[in-house]
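Below: the structure, in structure tokens.
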Amino acid sequence: MTKPKPTRLYALTLTWLLAAALSGCVGFGKCDPESCTGDKKITSDVYALFKEHREFGAPGAIRVQTINGVVYLNGVVETDFARRSAESLVMQVADVKDVVNSLDVRNTSR
């Protein structure tokens, strides 16, 4: 019986460690039915608010994602005032814990 080469053992060990570490990352997207339902409702409510407030652009100009009550905003708005206003508006939605505002400003002169 031949002994495995040390480099092969290192490769197998590294592969096992990476697989174990990455399996922890998979759990982030999962949620229990109650929090998933709450996140979907928050996202729906935020989209409804943006639809009522046309100063944020056409419907869908701002993308919304909610994870565990934290709302993530992405897209482009015309002014920094609109950027800050969007965040303030979202904070008024029931069950929102926080807002991560990643909106870009198209026109920085205003």
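Using the working numbering, you'd call the opening residue of the sequence shown number 344 and step up by one each time.
Note that CB positions come from ideal geometry on N, CA and C, so glycine has one too.
All values reported here derive from a predicted model rather than from experimental measurement.
Option in Asp438, Glu398 and Ala404 with minimal Cα separation from Ser445: From the listed residues Asp438, Glu398 and Ala404, the smallest Cα separation to Ser445 is found for Ala404.
Distance between beta carbons of Asn450 and Glu421, contact taken as under 8 Å: The distance from the Cβ of Glu421 to that of Asn450 is about 5 Å, consistent with a contact at the 8 Å cut-off.
For Asp438 and Thr380, the rounded distance between their alpha carbons: Per the coordinates, the alpha-carbon of Thr380 lies some 12 Å from the alpha-carbon of Asp438.
Whole runs of the alpha helix (DSSP H) within the region 414–448, excluding any shorter than 4 residues: If you keep only unbroken alpha helix (DSSP H) runs of at least 4 residues inside the region 414–448, you get 423–434.
Delimiting residues of the beta strand (DSSP E) encompassing Arg406: Element bounds for Arg406: Ile405 to Ile410.
Pairwise C-alpha distance: Gln435 and Gly412: Their backbone Cα atoms lie some 13 Å apart in a straight line.
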